[in-house]
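Numbering (the numbering used here), first residue to last: 22 to 329.
Built from N, CA and C at the ideal position, the CB exists for glycine as well.
Remember, it's a predicted structure, so these values are computed and weren't measured experimentally.
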């Protein structure tokens, strides 16, 4: 899907034209993946554009930077203000937001700390990541032959640019075999997550998701869905999940900033449940979209208005 270009990108403290947001070919992060990023969404609400759990995303960005001992030259407050400014100046009522901090151009070699830390924020109109049809009727998934990396290799709880090579290779495999998405297992053979999403299963009314020791990203949408499910009276559990548990589930769905809440109708050619979006998934999905679109005041704390 081609990017829907906006007018401006924020780079190192100022807005520049979309096509002028450039870096040097010897930028450290380009060669070694030494950057951290976030995916954030802004939604149209009755009170104006609002960013979903913006402060939580920026806190995670700053935590991710600690993997490199990277000192981002802006505070959380400054980054939040910059994101709001970028959305506002681009005149967007709803959009996807990509802040990234990375080691820039100065010194070459694996040691990054002699390089400047550059920061950029881009935003653009972007529909649901796995397609509107998938959002309604579910997507086809395969269990990948690629395993999720262990925390002793690259910490999966941090959004490190280079770590997503693991996800990209798995995604290529899935697409070339005709699937919409894939599911990665850990080195121990239990379920981890999708290449850019957390996974949930429903069995006999119980909602389960891989525990944090399953080599997963501690997803912000994941945490939101757990809270929403509990508030709706469902029982939830975080635990180690076997691949066969996925295949025998009554319902499956992915969560993530890009994917939002996307049902899974098929795994490795086998229908999940009745082969379409399940009833509990639909209720959670409906509740989620009411919240992000500002229609449920109980969760107003999760929305930060672009113009306060």
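Cut-off 6 Å between Cβ atoms - residues of its own chain near residue i, not counting five sequence neighbours on either side
i           : result
residue 309 : 282
residue 333 : Shown here, the chain extends from 22 to 329; a query on residue 333 therefore has no answer.
Close-in-space but distant-in-sequence residues of the same chain around residue i (CB under 7 Å, 5 per side omitted)
i           : result
residue 67  : 315
residue 171 : 208 and 236
residue 296 : 286 and 287
residue 311 : 317
residue 77  : 241
residue 193 : none
Burial state of residue i, where buried means 16 or more other Cβ atoms lie within 10 Å
i           : result
residue 86  : buried
residue 45  : exposed
residue 245 : buried
residue 227 : exposed
residue 292 : exposed
residue 143 : buried
residue 269 : exposed
residue 265 : exposed
residue 233 : exposed
residue 70  : buried
residue 179 : buried
Per DSSP, cross-strand counterpart(s) of residue i
i           : result
residue 116 : 63
residue 123 : 56 and 139
residue 258 : 229
residue 274 : 221 and 284
residue 68  : Looking at the DSSP assignment, residue 68 forms no beta bridge with any residue, so it has no partner.
residue 168 : 206
Span of the alpha helix (DSSP H) around residue i
i           : result
residue 196 : 185-197
residue 309 : 300-313
residue 244 : 241-252
residue 158 : 153-158
residue 264 : 264-268
residue 37  : Unbroken run through residue 37 is the beta strand (DSSP E), 35-38; no alpha helix (DSSP H).
residue 101 : 97-110
Beta-carbon contacts of residue i that lie in its chain and below 8 Å, excluding the five residues immediately before and after
i           : result
residue 186 : 54
residue 201 : 151, 152, 155, 160, 161, 162 and 195
Limits of the unbroken beta strand (DSSP E) element including residue i
i           : result
residue 141 : 138-145
residue 213 : 212-214
Residue i CB to nearest heavy atom of the ligand GDP below 7 Å
i           : result
residue 246 : As for the ligand GDP, it is missing from this structure, which has no ligand bound.
| message | If contact is defined by three or more beta carbon pairs under 8 Å, each pair taking one atom from either stretch, is the segment 130-138 in contact with the segment 62-76? | response | Verdict: no, contact absent.
| request: Report yes or no: do three or more beta-carbon pairs, one from the segment 159-171 and one from the segment 121-128, lie closer than 8 Å? | output: Contact between the segment 159-171 and the segment 121-128 is absent, because fewer than three Cβ pairs lie under 8 Å.
| field | Stretch pair the segment 260-279 + the segment 36-52: three plus CB contacts closer than 8 Å | value | Touching, no.
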